[in-house]
Amino acid sequence: MRVFGIICEYNPFHRGHKWQIDELRRLAGEEECAVVCAMSGDFVQRGDFAIERAHARAEAAVRGGADLVLELPLPWAVSSAEGFARGGVSILAATGVVDTLAFGSECGNAAKLQRAAKALLRADFPDALREELAKGLSFAAARESAARALIGEDAAVLREPNDILGVEYCKALLQSGSTIAPLAILRKVVGHNGGAAKGFASASHIRELLTNGEDASAYLTAESVAIYARECAAGRAPVTMQNAERAVLSRLRAMCEEDFARYDSGNEGLYRRFYDAARTAASVDELLSAVKTKRYAYARLRRMLLAAYLDVTAADVPPEVPYLRVLACNERGRKLLKTIKKTGSAPVLTKSADVRALSEEAQKLFALTARAADQYVLAYPELRAARGSSAWTEGPVIV
254 MRVFGIICEY
264 NPFHRGHKWQ
274 IDELRRLAGE
284 EECAVVCAMS
294 GDFVQRGDFA
304 IERAHARAEA
314 AVRGGADLVL
324 ELPLPWAVSS
334 AEGFARGGVS
344 ILAATGVVDT
354 LAFGSECGNA
364 AKLQRAAKAL
374 LRADFPDALR
384 EELAKGLSFA
394 AARESAARAL
404 IGEDAAVLRE
414 PNDILGVEYC
424 KALLQSGSTI
434 APLAILRKVV
444 GHNGGAAKGF
454 ASASHIRELL
464 TNGEDASAYL
474 TAESVAIYAR
484 ECAAGRAPVT
494 MQNAERAVLS
504 RLRAMCEEDF
514 ARYDSGNEGL
524 YRRFYDAART
534 AASVDELLSA
544 VKTKRYAYAR
554 LRRMLLAAYL
564 DVTAADVPPE
574 VPYLRVLACN
584 ERGRKLLKTI
594 KKTGSAPVLT
604 KSADVRALSE
614 EAQKLFALTA
624 RAADQYVLAY
634 PELRAARGSS
644 AWTEGPVIV
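Quick note, the working numbering runs 253 ahead of the 1-based positions in the sequence shown.
Here it is, written out as structure tokens:
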């Protein structure tokens, strides 16, 4: 059986995501296939709260065609594109069953993405990147310029968001020595941050509609619409950072300058700007505007802010995936789990209490995840729904 892997956020699960899964089944033809997803939990890579809790999004994914959804643990989920990709590849590789990593791409050319990945891994690339950064360029522009000197026009793939992620996936596969093959699926819908077209819309546009109370059903699967309506009725959606703004600012104002330094992964003095801004800012947006410079993208700043709120540092990233936490699955996914338990390199976690029988590293990671889940629910629209300890009590969704 062919097993496709997808690294995702599904924030929320929409028609474009279903199209990709359907396309994979079409490519498999008559051969039996399964789709395994490594999905971010309650927080996402752009440094934000997911619009719905993890189990709701995972359920929508399985009802939309996926067979098994595993959690991409928090430290990787809120990391840079490089860390996000490394974590996702680690999860899929640890299953021992995934043979193909599929992802959306603006260029749709895996070979071109692999050439760019190899360029970024060259021993002389860091020096070339530093030279470009010294010119005052943003990190993204400096990286493309440095890569262009090595591979010419193929470096253009470092401009588009999904291609950039594709390059990072290829890098992670190369670095890990994985036998998983990359498969770039040409995107036929709107851009990463675009609006809507032909019944499809970007996740950011859909989130904007949902947070404004507008109808986004034209862009969501019927199952996703029903699940979102259920979450809203329960007071659990839509979730936004603004809902928890006072909790976030309270945490940041209680920190000293040295505390902020723990989350400045680049050691570039950003922590001082955060410390100064946190003293006076009356909103998250005001704080980020005060910290922003030409060199840093807002996503980078939001990730640092979120890391400070959740107390996630580089030390919290394990060298290997310590467990595979199941969020949702169907019957095919359950059969696949039986195989994974035999062939996988990490234990499968279906009951939260079972983590106590795992390694100290696994227990620390799950404790971090559980604490973050308790901070996530503070952003629910209705406080009556914001009960803690959900990570310890909620099991996988079986469809």
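Glycine included, every Cβ here is placed at the ideal spot set by N, Cα and C.
Distance, residue j Cα to residue i Cα
i	j	result
Arg555	Arg532	17 Å
Val601	Ile344	11 Å
Ala281	Arg255	7 Å
Arg398	Thr493	The residue asked about is misnamed: residue 398 is Ser in this sequence, not Arg. Their backbone Cα atoms lie some 36 Å apart in a straight line.
Gly341	Leu462	28 Å
Leu559	Ala307	17 Å
Lys545	Ala534	13 Å
Arg489	Glu385	45 Å
Thr474	Cys485	17 Å
Thr348	Glu647	22 Å
Glu406	Leu366	12 Å
Ser643	Ser332	23 Å
Gly300	Gly336	13 Å
Arg609	Gln616	6 Å
Ala319	Thr566	32 Å
Asp627	Lys595	33 Å
His541	Ala639	Here the sequence assigns Leu to residue 541, which means His is not the residue at that position. Approximately 26 Å between the Cα atoms of the pair.
Gln495	Val501	9 Å
Ala530	Ala437	41 Å
Leu618	Arg279	37 Å
Phe453	Pro326	29 Å
Ser431	Ile593	17 Å
Glu510	Asp295	27 Å
Leu427	Ala552	26 Å
Ala471	Val652	24 Å
Arg525	Ala364	42 Å
Glu614	Pro572	10 Å
Ser199	Thr622	Here the chain has residues from 254 to 652 only, and residue 199 is not among them.
Closest residue to residue i among the options (Cα-Cα distance)
i	options	result
Glu539	Glu498, Val342, Arg548 and Gln367	Glu498
Val579	Pro571, Asp569, Leu590 and Arg460	Leu590
Cys286	Ala638, Arg515 and Gly586	Gly586
Ala550	Arg637, Ser391, Lys451 and Asp275	Ser391
Glu584	Ala514, Val650 and Glu283	Val650
Ala568	Thr592, Ser518 and Ser536	Ser518
Gln273	Gly361, Ala623, Glu284 and Glu312	Gly361
Leu523	Thr432, Phe453 and Ala543	Ala543
Leu631	Tyr562, Ala620 and Ala606	Tyr562
Ala334	Ser503, Ala376 and Ala425	Ala425
Met557	Ala487, Asp512 and Val350	Asp512
Leu636	Ile259, Ala606, Ala487 and Ser598	Ala487
Leu373	Ser477, His458 and Gly419	Gly419
Cβ shell of residue i (< 8 Å), same chain only, five flanking positions each side left out
i	result
Ala314	Cys261, Tyr263, Phe266, His270, Cys290, Met292, Val322 and Ala581
Ala395	Leu382, Glu385, Leu386 and Lys388
Arg460	Asn264, Pro265, Ile304 and Pro491
Lys604	Gly648
Arg506	Ala531 and Arg532
Lys547	Gly389 and Ser391
Simplified DSSP state of residue i, which is helix, strand or coil
i	result
Thr432	coil
Thr592	helix
Ala363	helix
Gly210	Not covered by the structure: residue 210. The range shown for the chain is 254 to 652.
Val650	strand
Ser470	helix
Leu354	strand
Leu563	helix
Leu602	strand
Ala535	coil
Phe453	strand
Leu439	strand
Phe392	helix
Phe378	helix
Val574	coil
Gly419	helix
Leu611	coil
Ala550	coil
Phe266	coil
Nonlocal neighbours in the same chain, by C-beta distance under 7 Å from residue i, ignoring five residues either side
i	result
Leu611	Pro575, Tyr576 and Pro600
Arg440	Gly357, Ser358, Glu359 and Asn415
Arg368	Ile404 and Asp407
His445	Model confidence at His445 stands at a pLDDT of 49, short of 50, so the residue's coordinates are unreliable; what they give is reported in the following sentence. Closer than 7 Å at the Cβ level, and outside the excluded window around His445, lie Pro414, Asn415 and Ser455.
Asp275	Gly318
Residues near residue i by beta carbon distance below 6 Å, same chain, minus five either side
i	result
Arg401	Ala408
Val297	Glu262, Asn264 and Ala303
Phe203	Absent from the model: residue 203. The displayed extent of the chain is 254 to 652, so no value can be given.
Asp564	none
Val570	Pro328
Lys588	none
Cys423	Leu366, Gln367, Ala370 and Pro435
Alpha helix (DSSP H) segments (min. 4 residues) lying fully within the stretch 276-349: 307-316, 327-330 and 334-348
Ignoring anything shorter than 4 residues, give me the alpha helix (DSSP H) runs that lie fully in the stretch 470-503, in order along the chain. 475-486
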